[in-house]
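Below is one structure; the comments refer to it alone.
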Amino acid sequence: MTYIGFGIPPFPTFVKGGDAIFKKGSKHSKRIFSVFDLLYVQSGELYMTENGQPFTISEGQYLLLIPGFEHFGHKSCREDTRVYWTHFIMEDGFALHENGNENWSDVQVLDGDFVIPSKFYFKIPAFGECIHKDFVEKIFENLVSMNHQTPDFPLRQQIYFEELILQLQKESLQIPNAAEKVVEETLRFLRKHYQEDIKMVDFAKVLHFHPDYITRCMQKTMGVTPIQYLNQYRMEQAKKLMSTTDHKISSIAKEVGILDATYFTKIFKRIEGVAPLEYRKIVSRKK
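To convert, count from 1 in the sequence shown and add 1246; that's our numbering.
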């Protein structure tokens, strides 16, 4: 196993990110990059070779392609494969290791004080699987959703990217605790049923947990309540529909599980900072 090692601060710098679909029968192009290229498979399988070593990247797995190494798709996709990708650089350099960090005490190399910042040394697996798949995909969604918005959004993308890097390091260290397992089940349920009229009591019964316990687990792990996450997820799906269809706003609201168009507009503006019609205009100008 290869690990990419680097010191923090500073964090690696986010360059660009997006999502793509490799159609059945297609494969990744052959190239050598000057930046890191993180490929995460949301569904399907991607077949990649880097520096002579083949990888099969399945759902929930990622491959971190290293600058200067040739990479290419060595086999065509057997089904439509959805991928998130992220390009970034490490201005302070990096090193390759054969062994990773075993626990957090290996990661934090200096405990800071009032004038000296804490220092860390991350070792991210070049090829890995995400235990918290839904949480990781939410970070990717946040990154991608900001590609066509206001000038300050690249700064916010950097913040989400840093959260992603931190999560990849944590994924390689830990076994999920009870609260994190509850969160995974909750996110999975909300993503599957977001188009329905969901109430806390409904999915609490399905998951066999008290609503208050689910809320505490969500707030502790993700910093949001289940309903807040549901609204955020609905708005992400709504933005995709606004940028790819000509459906009316009222129709889109219903498609994401909100029957009241006025209420939908209120939530959208609170989360995104602009009204739905204004967002659609911004996206149209970017095309």
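For each residue, glycine too, the CB sits at the ideal point set by N, CA and C.
Let me check one thing: in DSSP terms, what residues is G1552 bridge-paired to? Here the chain comprises residues numbered 1247 to 1533, so residue 1552 is not present and cannot be evaluated.
Burial state of S1391, where buried means 16 or more other Cβ atoms lie within 10 Å: Looking up residue 1391 in the sequence shown gives position 145. Flag for S1391 reads buried.
When the Cα atoms are used, what is the spatial distance from I1385 to F1407? In the sequence shown, the residue the question calls residue 1385 occupies position 139. In the sequence shown, the residue the question calls residue 1407 occupies position 161. Rounded to whole angstroms, I1385 to F1407 spans 8 Å at the Cα level.
If you follow the beta strand (DSSP E) that A1266 is part of, which residue opens it and which one closes it? Reading the sequence shown from its first residue, position 20 is the one you call residue 1266. Element bounds for A1266: T1259 to F1268.
Here's the rule: buried if 16 or more other CB atoms are within 10 angstroms of the residue's CB, otherwise exposed. What is R1324? On the sequence shown, residue 1324 is found 78 positions in, with the first residue counted as 1. Looking at its Cβ environment, which holds fewer than 16 other Cβ atoms inside 10 Å, R1324 is exposed.
Can you tell me whether DSSP reads Y1440 as helix, strand or coil? For this step, residue 1440 is matched to residue 194 along the sequence shown. If DSSP states are grouped into helix, strand and coil, Y1440 belongs with coil.
Identify which residue in N1388, V1353, T1259 and A1341 has its Cα closest to the Cα of Q1188. Lying before the first or after the last residue shown, residue 1188 is absent from the chain, which here runs from 1247 to 1533.
Could you tell me which residues DSSP pairs with S1304 in its beta bridges? The residue given as residue 1304 occupies position 58 in the sequence shown. Bridge partners of S1304: E1291.
Determine the direct distance from the alpha carbon of P1255 to that of G1358, and round the result to whole angstroms. On the sequence shown, residue 1358 is found 112 positions in, with the first residue counted as 1. On the sequence shown, residue 1255 is found 9 positions in, with the first residue counted as 1. Near 12 Å, if we compare the C-alpha coordinates of P1255 and G1358.
Is it true that the segment 1363-1382 meets the segment 1299-1317, where meeting means three or more beta-carbon pairs spaced less than 8 Å apart? yes
Mapping the DSSP letters down to three states, classify R1324 as helix, strand or coil. Residue numbering aside, residue 1324 sits at position 78 when the sequence shown is read from its first letter. If DSSP states are grouped into helix, strand and coil, R1324 belongs with coil.
I think K1369 touches Y1249, with their Cβ atoms under 8 Å apart; what is that distance to the nearest whole Å? Counting from one through the sequence shown, the residue named residue 1369 turns up at place 123. Counting from one through the sequence shown, the residue named residue 1249 turns up at place 3. Right, the Cβ-Cβ distance comes to about 4 Å (below 8 Å), so this counts as a contact.
Identify, in the order they occur along the chain, each residue of the same chain with its Cβ nearer than 7 Å to the Cβ of S1322, setting aside the five sequence neighbours on each side. The residue you call residue 1322 lines up with position 76 of the sequence shown. For S1322, where only same-chain residues beyond five positions count, the Cβ hits under 7 Å are G1271, S1272 and K1273.
Check whether the Cβ atoms of V1261 and F1315 lie closer than 8 Å to each other. The residue given as residue 1261 occupies position 15 in the sequence shown. The residue given as residue 1315 occupies position 69 in the sequence shown. Cβ distance not < 8 Å, so V1261 and F1315 don't count as in contact.
Going by CA-CA distance only, name the one from P1363, V1281 and D1506 that's closest to G1253. Walking along the sequence shown from the start, residue 1253 turns up at place 7. Among P1363, V1281 and D1506, the Cα nearest to that of G1253 is on P1363.
Under 8 Å between C-beta atoms of G1469 and E1417: By one-based count along the sequence shown, residue 1469 stands at place 223. By one-based count along the sequence shown, residue 1417 stands at place 171. No.
The alpha helix (DSSP H) spanning F1373 covers which residue range? Locating residue 1373 in the sequence shown gives position 127, where the first residue counts as 1. F1373 -> not in any alpha helix (DSSP H); beta strand (DSSP E) instead, spanning F1373 to E1375.
From the DSSP output, in three-state form, read off F1455 for me. What you label residue 1455 is simply residue 209 of the sequence shown in a count that begins at 1. Coil, per DSSP.
Have a look at E1518, A1341 and G1251 and flag the residue whose alpha-carbon is nearest the alpha-carbon of R1603. In this structure the chain extends from 1247 to 1533, so residue 1603 is not present and cannot be described.
Kindly list the residues whose CB is nearer than 8 Å to the CB of Y1440, restricted to its own chain and excluding five residues on each side of it in sequence; keep chain order. Working through the sequence shown from its first residue, we reach residue 1440 at position 194. Correct list, in chain order: L1476, Y1479, R1480, Q1483, V1502 and G1503.
Local conformation of E1348 per DSSP, three classes: In the sequence shown, the residue the question calls residue 1348 occupies position 102. Coil.
Quick one: what's got a C-beta closer than 8 Å to L1433's C-beta in the same chain, skipping five residues either side? On the sequence shown, position 187 is the one that residue 1433 refers to. So the qualifying residues of the chain are D1380, F1381, K1384 and Y1475.
On the criterion of 16 or more Cβ atoms from any shown chain inside 10 Å, does H1454 qualify as buried, or is it exposed? Position 208 of the sequence shown, counting from 1, holds the residue named residue 1454. The residue in question, H1454, is exposed, as its Cβ has fewer than 16 Cβ neighbours within 10 Å.
Proximity below 8 Å, CB of V1329 to CB of F1268: To locate residue 1329, count along the sequence shown from 1; it is residue 83. To locate residue 1268, count along the sequence shown from 1; it is residue 22. In contact: V1329 and F1268 (Cβ atoms closer than 8 Å).
Out of V1520, Y1525 and F1366, which has the shortest C-alpha to C-alpha gap to L1487? Taking the first residue of the sequence shown as 1, we reach residue 1487 at position 241. It is Y1525.
So T1496 and A1507 are in contact, right, with Cβ under 8 Å, and what is the actual spacing, rounded? Here the question's residue 1496 lines up with position 250 in the sequence shown. Here the question's residue 1507 lines up with position 261 in the sequence shown. According to the sequence shown, residue 1496 is Ser rather than Thr. 4 Å between Cβ atoms; contact.
Proximal residues to V1447 (C-beta, below 8 Å), its chain only, five neighbours per side dropped: Along the sequence shown, read from residue 1 onward, the residue named residue 1447 stands at position 201. Excluding sequence neighbours, V1447 sits near P1457.
Roughly how many angstroms separate the alpha carbons of A1372 and K1512, rounded to a whole number? The residue given as residue 1372 occupies position 126 in the sequence shown. The residue given as residue 1512 occupies position 266 in the sequence shown. Their backbone Cα atoms lie some 42 Å apart in a straight line.
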